[in-house]
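Chemist: Pasting a structure here, questions to come.
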Amino acid sequence: MEGVTHDYSDMPLVPLLNIFKYLDLNSRCNTMAVCRRWRSVMMSESIWHEATYDVPGKWKEPTLALERIAEDFGGWHRRVTIRIKGSDPRVAFTTMNLLCVLAELLPRRIQCLTIQCVQHGGLCRHGENLALCIRNFFDKSPNSYGNQLAGLLRVDLSSMTISVYDPVIMTLFNNHGQWLTHVNLQNRQVHCRLTAVAMRTAVKMLTHIEDFRIFMACFDNDALKAMINSNQGSLRHLSFLCRYADAFRQNRPTESAWQALSKKWPEAAVTLTFSRGYPPDKFRVIMLPSVPLKTVCFEQPINASTIVLITDMYKTKLHKVVLRSKPVENINNQLANLVLDSTHLGVLYIMHNLEITTATLITERRPKIKHNISIQNDEVRFDPVPEQESSRPFVPSKKIPDLIRFPYPDLWNRRDTEFSSSL
Numbered sequence: 007m008e009g010v011t012h013d014y015s016d017m018p019l020v021p022l023l024n025i026f027k028y029l030d031l032n033s034r035c036n037t038m039a040v041c042r043r044w045r046s047v048m049m050s051e052s053i054w055h056e057a058t059y060d061v062p063g064k065w066k067e068p069t070l071a072l073e074r075i076a077e078d079f080g081g082w083h084r085r086v087t088i089r090i091k092g093s094d095p096r097v098a099f100t101t102m103n104l105l106c107v108l109a110e111l112l113p114r115r116i117q118c119l120t121i122q123c124v125q126h127g128g129l130c131r132h133g134e135n136l137a138l139c140i141r142n143f144f145d146k147s148p149n150s151y152g153n154q155l156a157g158l159l160r161v162d163l164s165s166m167t168i169s170v171y172d173p174v175i176m177t178l179f180n181n182h183g184q185w186l187t188h189v190n191l192q193n194r195q196v197h198c199r200l201t202a203v204a205m206r207t208a209v210k211m212l213t214h215i216e217d218f219r220i221f222m223a224c225f226d227n228d229a230l231k232a233m234i235n236s237n238q239g240s241l242r243h244l245s246f247l248c249r250y251a252d253a254f255r256q257n258r259p260t261e262s263a264w265q266a267l268s269k270k271w272p273e274a275a276v277t278l279t280f281s282r283g284y285p286p287d288k289f290r291v292i293m294l295p296s297v298p299l300k301t302v303c304f305e306q307p308i309n310a311s312t313i314v315l316i317t318d319m320y321k322t323k324l325h326k327v328v329l330r331s332k333p334v335e336n337i338n339n340q341l342a343n344l345v346l347d348s349t350h351l352g353v354l355y356i357m358h359n360l361e362i363t364t365a366t367l368i369t370e371r372r373p374k375i376k377h378n379i380s381i382q383n384d385e386v387r388f389d390p391v392p393e394q395e396s397s398r399p400f401v402p403s404k405k406i407p408d409l410i411r412f413p414y415p416d417l418w419n420r421r422d423t424e425f426s427s428s429l
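To convert a position in the sequence shown, counted from 1, into my numbering, add 6.
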């Protein structure tokens with residue numbers, strides 16, 4: 007209706023809280039200036055449990071503004087995401103200052119930390135200093151600060167564009183390993199690297215890990231056995247890169263180790279990514295029948311025998327297949343058999359031209375499969391696959407126990423019977 011105005015300042019408390027939770031930091035600060043009631047609502051602790059810091063954001067002085075917000079409301083944070091945007095070196099300085107402020111908070115209740123580099127450039131020149139600030143954040147242990155410091159449960163550094171080596175990662179595991187349940191260091195662009203010795207030490211500290219993703223690391227047989235022996239939690243997903251390196255080649259995971267993992271965690275899913283330098287004729291020594299393989303990614307060109315291998319061994323297990331390079335030979339028939347025989351296959355990304363008959367067969371016989379195949383005017387084309395989408399593994403959802411049934415479903419009948427008999 008024309009001429010009608012609404013006074014949003016009188017909106018009930020619960021809708022206000024639900025709306026304010028989804029505002030970015032800039033909008034939250036602007037909302038405080040609307041009226042006293044909104045300012046008092048914005049001072050509620052629950053609104054600040056989750057915070058996303060966009061660096062540099064829409065601030066005249068980003069460093070001072072984000073530092074002020076972190077000092078005033080950081081003690082209420084539970085889940086923090088830092089999104090780094092831009093190539094200006096001042097962005098790196100603002101990020102480092104923000105990490106230092108969050109690291110020094112007491113009490114500090116942050117349990118989930120995600121750092122994303124949306125745009126990179128100048129950060130590469132300040133990577134070592136930024137890595138030191140991240141290490142400083144991990145350096146405090148809840149064992150030393152008691153109730154003043156919460157242990158980290160989830161850490162995601164997969165979107166960073168700086169290299170992270172043993173000191174930073176080991177500091178995280180040393181001080182927060184017994185609380186960590188989700189660790190994602192699966193970065194394909196730069197090095198999140200752990201040596202074989204450091205990896206074996208690290209997994210012994212992860213006593214309750216559920217989802218562990220590591221990319222540029224040597225996850226050998228000793229590391230796998232150490233994880234099985236030390237992890238007291240319920241492992242749901244394990245992902246690592248298979249590199250044709252000396253340490254991994256000489257001590258690769260064995261059949262007995264995979265059998266022990268499947269016996270301890272029957273619902274666990276494994277993601278294997280084969281690097282470009284991995285010889286196709288060596289796949290068989292890694293892809294053993296007992297591996298609970300759900301997602302497989304080949305970065306190097308493969309042949310028809312590789313498709314036959316994963317079809318024969320994992321047709322009842324596979325959920326996702328990604329081929330990043332053009333095969334060295336025609337694999338149309340083998341790929342069609344893989345799609346038709348794999349009962350749980352839900353995602354297929356391919357980076358080469360298929361024959362029109364094979365593409366039609368895949369799209370018509372398995373219409374629910376998510377793929378990047380596009381048939382236009384009797385020509386097969388391929389839509390570009392986003393990097394995050396193609397590298398996202400299949401992770402089984404956590405099982406929720408059934409509702410506990412009341413022991414006496416006929417309670418009212420029992421009560422009436424007992425009452426009448428007592429009379």
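Think of the CB as a built atom: it goes at the ideal place given N, C-alpha and C, for glycine as much as any other residue.
Could you check whether the region 335-352 touches the region 305-323, counting it as contact only if at least three pairs of C-beta atoms, one from each stretch, sit closer than 8 Å?
Modeler: Enough Cβ pairs lie closer than 8 Å, so yes.
Chemist: One question on the structure: do residue 229 and residue 206 come within less than 8 Å of each other, judged by their Cβ atoms?
Modeler: Your numbering for residue 229 matches position 223 in the sequence shown. Your numbering for residue 206 matches position 200 in the sequence shown. Yes, they are a contact pair.
Chemist: Starting from residue 190, trace the beta strand (DSSP E) in both directions and tell me its first and last residue.
Modeler: Locating residue 190 in the sequence shown gives position 184, counting from the first residue. Taken as a continuous stretch (DSSP letters only), the beta strand (DSSP E) holding residue 190 covers 188-191.
Chemist: Beta carbon of residue 191, beta carbon of residue 163: below 8 Å?
Modeler: Reading the sequence shown from its first residue, position 185 is the one you call residue 191. Reading the sequence shown from its first residue, position 157 is the one you call residue 163. In contact: residue 191 and residue 163 (Cβ atoms closer than 8 Å).
Chemist: Within the region 54-109, note down every full alpha helix (DSSP H) run reaching 4 residues or more, in order along the chain.
Modeler: List check, alpha helix (DSSP H) in window: 68-79, 95-109.
Chemist: What three-state label does DSSP hand residue 174 in the structure shown?
Modeler: Within the sequence shown, numbered from 1, the residue matching residue 174 stands at position 168. Correct three-state label for residue 174: helix.
Chemist: List in chain order: all unbroken beta strand (DSSP E) runs of 3+ residues lying wholly within the region 198-247.
Modeler: Here the runs fully enclosed are 217-220.
Chemist: Measuring alpha carbon to alpha carbon, tell me which of 337, 318, 217 ends up nearest residue 400.
Modeler: Stepping through the sequence shown from its first residue, residue 400 is reached at position 394. It is 217.
Chemist: Quick check on the burial criterion: 16 or more other C-beta atoms within 10 angstroms. Buried or exposed for residue 48?
Modeler: As a working note, residue 48 is residue 42 in the sequence shown. When all chains shown are included, residue 48 counts as buried.
Chemist: Which residue from 303, 268, 298, 299 puts its Cα closest to that of residue 284?
Modeler: Position 278 of the sequence shown holds residue 284. Cα-wise, what sits closest to residue 284 is 303.
Chemist: Excluding the 5 residues preceding and the 5 following residue 290 in the sequence, name in chain order all residues of the same chain whose CB lies nearer than 8 Å to its CB.
Modeler: As a first step, residue 290 is located in the sequence shown; it is residue number 284 there, counting from the start. These residues qualify, in order along the chain: 315.
Chemist: Quick one: what's got a C-beta closer than 6 Å to residue 279's C-beta in the same chain, skipping five residues either side?
Modeler: Counted from its first residue, the sequence shown places residue 279 at position 273. Cβ neighbours of residue 279 beyond the five flanking positions: 247, 303.
Chemist: Helix, strand or coil for residue 400? Go by DSSP, reduced to three states.
Modeler: Looking up residue 400 in the sequence shown gives position 394. Here residue 400 sits in coil by DSSP.
Chemist: Give a yes or no on whether the C-beta atoms belonging to residue 189 and residue 215 are separated by under 8 Å.
Modeler: Position 183 of the sequence shown, counting from 1, holds the residue named residue 189. Position 209 of the sequence shown, counting from 1, holds the residue named residue 215. Cβ atoms of residue 189 and residue 215: closer than 8 Å.
Chemist: Compare the C-alpha of residue 176 against each of 380, 371, 142, 377 and name the closest.
Modeler: Here residue 176 is taken as the residue at index 170 of the sequence shown, counted from 1. For residue 176, the nearest C-alpha among the options comes from 142.
Chemist: Just curious, the beta strand (DSSP E) that residue 382 is in, first and last residue?
Modeler: Start at 1 with the first residue of the sequence shown, and residue 382 comes out as number 376. Unbroken beta strand (DSSP E) run through residue 382: 379-382.
Chemist: So, with DSSP's three-state summary, where would you put residue 160?
Modeler: Working through the sequence shown from its first residue, we reach residue 160 at position 154. Residue state, collapsed to three classes: strand.
Chemist: Quick check: residue 275 and residue 298, are their CB atoms within less than 8 Å of each other?
Modeler: For the purposes of this step, residue 275 is taken as residue 269 along the sequence shown, with counting starting at 1. For the purposes of this step, residue 298 is taken as residue 292 along the sequence shown, with counting starting at 1. Yes.
Chemist: Below 6 Å CB to CB, which residues in the same chain sit around residue 326 once its five sequence neighbours on both sides are set aside?
Modeler: As a working mapping, residue 326 is identified with position 320 in the sequence shown. Taken in chain order, the residues that qualify are 301, 353, 400.
Chemist: From residue 364 to residue 358, what distance separates their C-alpha atoms?
Modeler: On the sequence shown, residue 364 is found 358 positions in, with the first residue counted as 1. On the sequence shown, residue 358 is found 352 positions in, with the first residue counted as 1. Taking the straight line joining both Cα atoms gives about 12 Å.
Chemist: List, from N- to C-terminal side, the alpha helix (DSSP H) runs of 4 residues or more that fit wholly inside the region 268-319.
Modeler: Here no run is fully enclosed.
Chemist: By the three-class DSSP mapping on this structure, what secondary structure does residue 139 have?
Modeler: Start at 1 with the first residue of the sequence shown, and residue 139 comes out as number 133. DSSP places residue 139 in helix when its eight states are reduced to three.
Chemist: Sort out for me which residues DSSP pairs residue 395 with in a bridge.
Modeler: For the purposes of this step, residue 395 is identified with residue 389 of the sequence shown, where counting begins at 1. Residue 395 pairs with nothing; no bridge assigned.
Chemist: For residue 388, write down the residues that DSSP places opposite it in a beta bridge.
Modeler: Taking the sequence shown and counting its residues from 1, the one referred to as residue 388 is at position 382. The partner list for residue 388 (beta bridge, DSSP) reads 379.
Chemist: What does a CB cutoff of less than 8 Å around residue 281 pick up in its chain, not counting 5 residues either side in sequence?
Modeler: Translated into positions along the sequence shown, residue 281 becomes position 275. Within the same chain, residue 281 has close Cβ partners 247, 248, 249, 250, 305, 306.
Chemist: Is residue 408 buried or exposed, if buried means 16 or more other CB atoms sit within 10 Å of its CB?
Modeler: As a first step, residue 408 is located in the sequence shown; it is residue number 402 there, counting from the start. Confidence is the limiting factor: at residue 408 the pLDDT is only 46, short of 50, which leaves the residue's position unreliable and the question unanswerable from this model.
Chemist: By Cβ distance below 7 Å, which residues in the same chain neighbour residue 101 in space, the five residues on each side in sequence not counted?
Modeler: For this step, residue 101 is matched to residue 95 along the sequence shown. Excluding positions up to five away in sequence, the list reads 61, 88, 90, 136.
Chemist: Specify, as a first and last residue, the run of the alpha helix (DSSP H) that residue 364 falls within.
Modeler: Taking the first residue of the sequence shown as position 1, residue 364 is located at position 358. Run containing residue 364: 362-371, per the alpha helix (DSSP H) assignment.
Chemist: Could you give the DSSP three-state label for residue 22: helix, strand or coil?
Modeler: One-based indexing of the sequence shown puts residue 22 at position 16. Correct three-state label for residue 22: helix.
Chemist: Taking a contact to mean a Cβ-Cβ separation below 8 Å, would you say residue 379 touches residue 360 in this structure?
Modeler: Reading the sequence shown from its first residue, position 373 is the one you call residue 379. Reading the sequence shown from its first residue, position 354 is the one you call residue 360. Result yes, Cβ atoms of residue 379 and residue 360 sit closer than 8 Å.
Chemist: Does the beta-carbon distance from residue 85 to residue 118 come in below 8 Å?
Modeler: Working through the sequence shown from its first residue, we reach residue 85 at position 79. Working through the sequence shown from its first residue, we reach residue 118 at position 112. Going by C-beta atoms, residue 85 is nearer than 8 Å to residue 118.
Chemist: Take the Cβ of residue 382 as the centre, count every other Cβ of all protein chains shown within 10 Å, and call the residue buried at 16 or more, exposed below.
Modeler: Numbered from its first residue, the sequence shown carries residue 382 at position 376. Result: exposed.
Chemist: Below 8 Å on the Cβ atoms is my guess for residue 172 versus residue 201; work out the distance and round it to an integer in Å.
Modeler: Taking the first residue of the sequence shown as 1, we reach residue 172 at position 166. Taking the first residue of the sequence shown as 1, we reach residue 201 at position 195. 6 Å between Cβ atoms; contact.
Chemist: Taking residue 153 as the reference, give the member of 114, 68, 145 with the closest Cα.
Modeler: For the purposes of this step, residue 153 is taken as the residue at position 147 of the sequence shown. If we check each option's Cα against that of residue 153, 114 comes out closest.
Chemist: May I have the straight-line CA-CA distance separating residue 83 from residue 120, to the nearest angstrom?
Modeler: In the sequence shown, residue 83 corresponds to position 77, counting from 1. In the sequence shown, residue 120 corresponds to position 114, counting from 1. Rounded to whole angstroms, residue 83 to residue 120 spans 13 Å at the Cα level.
Chemist: So if DSSP puts residue 150 in a beta bridge, which residue, or which two residues, is it bridged to?
Modeler: Translated into the one-based positions of the sequence shown, residue 150 becomes position 144. DSSP output for residue 150 lists no bridge partner at all.
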